[in-house]
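Going by the numbering used here, the sequence shown opens with residue 9, and the numbers climb by one from there. C-beta: ideal position from N, C-alpha, C; glycine also. Computed from a prediction, not measured in an experiment: that's the story for all the values here.
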Amino acid sequence: MLDKINALLQEVEQMKAANAEELEALRIKYLSKKGEIAALMNDFRNVAADQKREVGKHLNQLKETTQNRINELKASFENVQTINDDIDLTRTAYPIELGTRHPLSLVKKEICDIFGRLGFSIAEGPEIEDDWHVFSSLNFAEDHPARDMQDTFFIQHNPDVLLRTHTSSVQTRVMEKQQPPIRIICPGRVYRNEAISYRAHCFFHQVEALYVDKNVSFADLKQALLFFAKEMFSPETKIRLRPSYFPFTEPSAEMDISCNICGGKGCPFCKGTGWVEILGCGMVDPNVLENCGIDSKVYSGYALGMGIERITNLKYQVKDLRMFSENDIRFLRQFESAN
Ligand SMILES: [Zn+2]
9 MLDKINALLQ EVEQMKAANA EELEALRIKY LSKKGEIAAL MNDFRNVAAD
59 QKREVGKHLN QLKETTQNRI NELKASFENV QTINDDIDLT RTAYPIELGT
109 RHPLSLVKKE ICDIFGRLGF SIAEGPEIED DWHVFSSLNF AEDHPARDMQ
159 DTFFIQHNPD VLLRTHTSSV QTRVMEKQQP PIRIICPGRV YRNEAISYRA
209 HCFFHQVEAL YVDKNVSFAD LKQALLFFAK EMFSPETKIR LRPSYFPFTE
259 PSAEMDISCN ICGGKGCPFC KGTGWVEILG CGMVDPNVLE NCGIDSKVYS
309 GYALGMGIER ITNLKYQVKD LRMFSENDIR FLRQFESAN
């Protein structure tokens, strides 16, 4: 029996196949249920008990060698086949294309960098929020019309679990945990239940800045806004503030900048006015500070918030908001040089 195994082992080690069919024939000859090795396995029953150990070892070795040899031959066919496919192996490989930053990421980074130079650090918070952090803590009364104005996505019909409608919720979260001085900038995605069109989307991006300390005044806010506008657009940019209303700031204002397309002369983009609105701001309402455990008699603060899409439109004149989320490579490639 051992002689037979050794003879087969030699055969197997030298076996060759010119093509896949020949290889299959070899496989059937040695490894199939009626093959040579299966026959030896059958004979194994008749081997004397004191030789079983020795013979079994050789038999297993034979089986393993055969399987390996067949795999080896099979692999060599597969390689031969790819080479036969007329592939020029000396050709240089395809270059790996570098990804580019999304225009919104570029602008977000630029805004954060500018405020970073003013000493603001980045703060982030959850997108799934509760009523307290999005509305109640920010001075939205229970029946405040702003709650309707901001069509909110509620989760599972639970009025206390919702997708944040603004990044102001991050300000609350920071103020609850930290006493002034607070100087943060909060970039992030927000959600509102709006019909999707070229000028509205159900999700978009905001950046908010918050500064709370002793003796923070509206003059500080104005100076920060002017610095931001000049850094973001051009040194010639002018700003103007118009009185406005937000539940969480008092007084509140909206800021316009001189149109960076026509330089303030008037063009279709600024509807001939020479000014474009870019952000909302104001002094933090004392109620909001108190809601977050900050003494409003000692501290005051300012807050400002803007839509990143809006700023990106101004910088790059993107006319359709939907372009930002459609991942059209022809659109995204245009921002390669801005990286
Ligand atoms: Zn203009």
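Worksheet item: Under a three-way DSSP split, which group does residue 350 fall into?
Response: The displayed coordinates of the chain run from 9 to 347. Any statement about residue 350 would go beyond what the structure contains.
Discussion item. What does DSSP give as the partner residue(s) for residue 275 in the beta ladder?
Written reply: In DSSP, residue 275 forms no bridge with anything.
Practice prompt. Can you check DSSP and say which residues form a bridge with residue 218?
Written response: 192 and 311
Worksheet item: Is the beta carbon of residue 317 sitting closer than 8 Å to the one on residue 212?
Response: yes
Discussion item. One question on the structure: do residue 207 and residue 329 come within less than 8 Å of each other, judged by their Cβ atoms?
Written reply: yes
Item to complete: State the Cα-Cα distance for the pair residue 202 and residue 181, rounded to the nearest angstrom.
Response: 26 Å
Fill in: Those residues which DSSP pairs with residue 170 across a bridge
137 and 162
Worksheet item: Are the region 39-56 and the region 99-111 touching, with three or more C-beta to C-beta distances below 8 Å?
Response: no
Worksheet item: In chain order, what residues of the same chain lie with their CB nearer than 8 Å to the CB of residue 335, ignoring the 5 residues before and after it?
Response: none
Worksheet item: Tell me which same chain residues have a C-beta within less than 8 Å of the C-beta of residue 333, skipping the five on either side of it?
Response: 209 and 211
Worksheet item: Applying the criterion that 16 or more other CB atoms from any shown protein chain within 10 Å of the CB defines a buried residue, is residue 15 buried or exposed?
Response: exposed
Worksheet item: Straight-line CA distance for residue 268 to residue 251?
Response: 22 Å
Worksheet item: Where does residue 293 land, buried or exposed, given buried means 16+ other C-beta within 10 angstroms?
Response: buried
Worksheet entry | Enclosing beta strand (DSSP E) for residue 250 [first to last residue] | 247-254
Worksheet item: Would the C-beta of residue 277 count as close to ligand 1, meaning under 7 Å from any of its heavy atoms?
Response: yes
Worksheet item: In the structure shown, what three-state DSSP assignment does residue 288 receive?
Response: strand
Worksheet item: Can we count residue 319 as close to ligand 1, meaning its CB is less than 7 Å from some heavy atom?
Response: no
Practice prompt. Check the C-beta distance from residue 229 over to residue 340 and give it rounded, since I have them as a contact under 8 Å.
Written response: So it is not a contact: roughly 35 Å between Cβ atoms.
Practice prompt. Name the two residues that bound the continuous beta strand (DSSP E) containing residue 259.
Written response: 257-266
Worksheet item: Is any heavy atom of ligand 1 found at a distance shorter than 7 Å from the C-beta of residue 286?
Response: no
Worksheet item: Going straight from the alpha carbon of residue 45 to that of residue 38, what length do you get?
Response: 6 Å
Worksheet item: From what residue to what residue does the alpha helix (DSSP H) around residue 269 run?
Response: First-last for residue 269: undefined, no H or E at that position.
Worksheet item: Residues in its own chain within less than 7 Å of residue 298 by CB, not counting five upstream and five downstream?
Response: 304
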